[in-house]
Structure formats: C-alpha cells, structure tokens
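Worksheet: the structure to be examined is printed underneath.
Numbering (the numbering used here), first residue to last: -15 to 177.
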C-alpha cells in the first residue's frame, strides 16, 4: 500500500510524517497488504528522510517512508522481496507436502500393520481350531481302531471255541444227550468201500 503526502508552503500548520503512520498501518491491515509505504514531501529539511529509504518497522511492521525520487527503487526492492517470498513459500509448500506424504505413508504403514496383525490373529485362531479338530479326529479313529481290534480278538476266540466244539464235549456230563447221539450213530449205515 502506498500513500502520498504533500504540503504546500502556504500551509500554516506543518504536518510531520509521524502523524500519518498510525492511520497508514490501520489502512494496510484493513486491506490485507503486506507492506505500507508513505511517499512524502513533508519535513523537507529532515536529513533522515532526505537520505533515502527510511525503515519505520520498529514502530509499525513492514512500513517505510520515502521521498518521491526513491519510489522506483522502493518498488524494485518490494518486487524482489516478493519474488524471494514466493520462492520461499513454494519451498515451504514443497516441504509441507513432503511432510504430508511422510505422514500419509506412516499412516498407511500403520493401517497395513494393524490389518495384517488382525488377519494373522484370525488365521492363527482358525489354524489352531483346525489342529484341535484333527487331534479329535485322530483320537476318535484311534478308539475306533481299538474297538475293531477288540472285536477281532473276540471273533478269533469265538472261532477257536467253535473249532474246538465236538459232540463228545457237548454230551459230556449230560447222559441223555450222550445216549441220543450214541443211538443215532448206531443207526447209521456203515460205508462200504
């Protein structure tokens, strides 16, 4: 923001540059300008203002007082400062973007690790359940095998008893049955060869 001040020689009350700085700062803030420059012909005998660009930022930030002959150099300085500011802002934006990329990468990595851990836990539980079921099946098959082996032993013993069975053994201690079998044997015709 630039403001120009001039005073004619006929003016009775002489104004000073200081009288306009506060209002200039207020106007700059209202309009959202970064710099404020008072281009002034006031106080023509002041060595301070006649020597060049006067920085008054100790009272108001980014404010200067100049004579009209320093207008072009001041614009050049502000233009160069704006270019530097733009390059710094671009660099800052790039660094912020990189930091954002790193933050996003870290967030994505954490999300992956959390998801992977959850899937690993679920798979581990299912794996354990499957192993438990296999163990139960093995126990059941072992019991079935033992039952079949026991049945085979009982069938073998029964077969041995059946092979060992004879009429003589059946009729021992039973005289009625022994007599009946003896009678049947005597009634049989003899084989003639």
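By construction, the Cβ of each residue, glycine as well, lies at the ideal position given by its N, Cα and C atoms.
Among 144, 37, 63, 106, the one whose alpha carbon lies nearest that of residue 53: A check of alpha carbon separations from residue 53 across 144, 37, 63, 106 identifies 37 as the nearest.
Cβ contact check for the segment 41 to 58 and the segment 12 to 27: 3 or more pairs under 8 Å: Verdict: yes, contact present.
C-beta atoms of residue 23 and residue -14 nearer than 8 Å: At the C-beta level, residue 23 and residue -14 come within 8 Å of one another.
Alpha-carbon to alpha-carbon, residue 98 and residue 79: Straight across, the Cα-Cα distance linking residue 79 with residue 98 is about 28 Å.
Helix, strand or coil at residue -11 according to DSSP, with G and I counted as helix: Strand, per DSSP.
Ordered list of beta strand (DSSP E) runs contained in the segment 41 to 82, each at least 3 residues: Complete beta strand (DSSP E) runs here, min 3: 47 to 50.
Cut-off 7 Å between Cβ atoms - residues of its own chain near residue 1, not counting five sequence neighbours on either side: 22, 24, 26, 27, 33, 49.
Under 8 Å between C-beta atoms of residue -9 and residue -2: Yes, they are a contact pair.
Residue 8, DSSP secondary structure in three states: In this structure, residue 8 counts as helix in the three-state DSSP scheme.
Residue range of the unbroken alpha helix (DSSP H) whose run includes residue 170: Where residue 170 is concerned, the enclosing alpha helix (DSSP H) stretches over 159 to 171.
Helix, strand or coil at residue 22 according to DSSP, with G and I counted as helix: In the three-state scheme derived from DSSP, where H, G and I count as helix and E and B as strand, residue 22 is classed as strand.
Exposure of residue 12, with buried meaning 16 or more beta-carbon neighbours within 10 Å: Within a 10 Å sphere around the beta-carbon of residue 12 sit 16 or more other beta-carbons, which makes this residue buried.
Delimiting residues of the alpha helix (DSSP H) encompassing residue 186: With the chain covering -15 to 177 only, the question about residue 186 has no answer from this structure.
Test item: CB-CB of residue 44 and residue 5 under 8 Å: Yes, Cβ-Cβ distance for residue 44 and residue 5 is below 8 Å.
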